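Heads up, the thing below is written out as structure tokens.
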Amino acid sequence: MFDRILVPTDGSPGSERAFEVAATLASTHDAAVHVLSVVDEHGPTDDWDYDGDSPAEAFIESQADHVDTEGLSVTTAVREGVVHDAVLDYGDENEIDLIVMGTHGRTGVRRFLLGSVTEKVVRLADVPVLSVKADAEPGTVSFDDILLPTDGSSGAEAAIEPTGALASATDATVHLVSVVDTRSLGIDVGSSVIVDELESVATDAVGDASDRLSGMGVETVETAITHGVPYRAILDAIEEADADLVVIGTHGRTGIDRYLLGSVAEKLVRTSPVPVMTVRAPDAGDES
């Protein structure tokens, strides 16, 4: 499923961690890696420190000491423009299957290039986007335990195929979790009935996803139903499963039309202690 992997870089620690992950996935899936640096048309960045003609090539050379690039097919490119637009355009032009990006996880004025850009790419990319924290531990990357949240929506279903592709290639365990969000329910006679209905939907969602994963060759699938605030419950599930990757669907919308796996996905990208792969639903609307 992953034949061409794109890593946008600004030379930051987030870029370095993203390249490590991309190199690992490329080795597993026999994929080619594209490293793209974008000169922001709104002004120069102070992050670059290189000697040579191409910042992307300099970045690859700087990673040679701690990333095994032997046998890895790497293409470098430099573009100029609005950064997230350039990343998306390059992805379309080169039939990229996966974008791996670093993120600082900050908000407000201290949200740097690969923080805000990553969130925009997460919302708008038609292919999966794997977000990696800048403070992630460098070194060998492995995805042995993958957490897949699901609510049975089209967004959640879109995340099943890439999860299956990753897990079947590495014999990973997939931990399926569905969160029953009861925040809006009052304590009254009808609440227990509604909770039962929500739990039934959640049970169906994890059951259907489990069947699909098994059909894709995933040998070990564990399921759980939990209650609470969705993104917080998912963070707890990451810890309980000792997961090293989260794969989650997103509708890619903003504003009042941002559904459960839209806002939750973006919160996870900012707060998850492990990499998060977001997968945009095929029927997602354009950003409003």
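Per the UniProt record's numbering, the sequence shown runs over residues 1 to 288.
Each residue gets a CB set at the ideal place from its N, CA and C atoms; glycine is no exception.
On a predicted model such as this, the values are computed, not experimentally measured, just so you know.
Asked, Found
"Residue from 152, 170, 248 and 182 whose Cα sits closest to the Cα of residue 209", "152"
"Buried or exposed (CB count within 10 angstroms, at least 16 for buried), residue 14", "buried"
"Distance between residue 167 and residue 126 (C-alpha atoms, nearest Å)", "21 Å"
"Test item: CB-CB of residue 18 and residue 26 under 8 Å", "no"
"Cβ-Cβ distance between residue 265 and residue 238 below 8 Å", "no"
"Alpha-carbon to alpha-carbon, residue 85 and residue 267", "22 Å"
"Nearest to residue 282 (by Cα), restricted to the options 272, 276 and 250", "250"
"Member of 57, 88, 66 and 164 whose CA lies at the smallest distance from the CA of residue 75", "57"
"Segment contact, 8 Å Cβ cut-off, at least three pairs: the stretch 117–132 with the stretch 271–278", "yes"
"Distance CB(residue 234)-CB(residue 177) smaller than 8 Å", "yes"
"Close Cβ partners of residue 322 (< 7 Å) along its chain, the five nearest in sequence each way excluded", "Here the chain comprises residues numbered 1 to 288, so residue 322 is not present and cannot be evaluated."
"Short Cβ contact (8 Å threshold) for residue 100 with residue 160", "no"
"Delimiting residues of the beta strand (DSSP E) encompassing residue 227", "220–227"
"Spatial neighbours of residue 150 in its chain, beta-carbon cut-off 7 Å, leaving aside the 5 residues before and after", "156, 176, 178, 205, 206 and 209"
"Burial state of residue 232, where buried means 16 or more other Cβ atoms lie within 10 Å", "exposed"
"Endpoints, the beta strand (DSSP E) within which residue 249 is located", "245–250"
"Start-to-end residues for the beta strand (DSSP E) that takes in residue 34", "32–40"
"Reference residue 73, options 55, 173, 199 and 29, closest by Cα", "29"
"Cβ neighbour criterion (16 or more within 10 Å) applied to residue 257", "Because residue 257 sits at a pLDDT of 38, beneath the cut-off of 50, its placement in the model cannot be relied upon, and the point is left open."
"Neighbourhood of residue 165 by C-beta distance below 6 Å, restricted to the same chain and skipping five residues each side", "1"
"From 82, 88 and 271, residue whose alpha carbon lies closest to that of residue 34", "88"
"Secondary structure of residue 48, DSSP reduced to three states", "The predicted position of residue 48 is uncertain, since its pLDDT is 42 and thus under 50; no value can be drawn from it."
"Residue interval of the alpha helix (DSSP H) (run including residue 14)", "13–29"
"Under 8 Å between C-beta atoms of residue 240 and residue 173", "no"
"Collapsed DSSP secondary structure at residue 145 in the structure displayed", "strand"
"Beta carbon of residue 62 nearer than 8 Å to that of residue 103", "no"
"Coil, strand or helix - residue 213 by DSSP", "helix"
"Through-space distance from residue 197 to residue 133, alpha-carbon basis", "37 Å"
"Contacting residues, own chain, Cβ-Cβ under 6 Å from residue 118 (five flanking each side not counted)", "101, 103 and 131"
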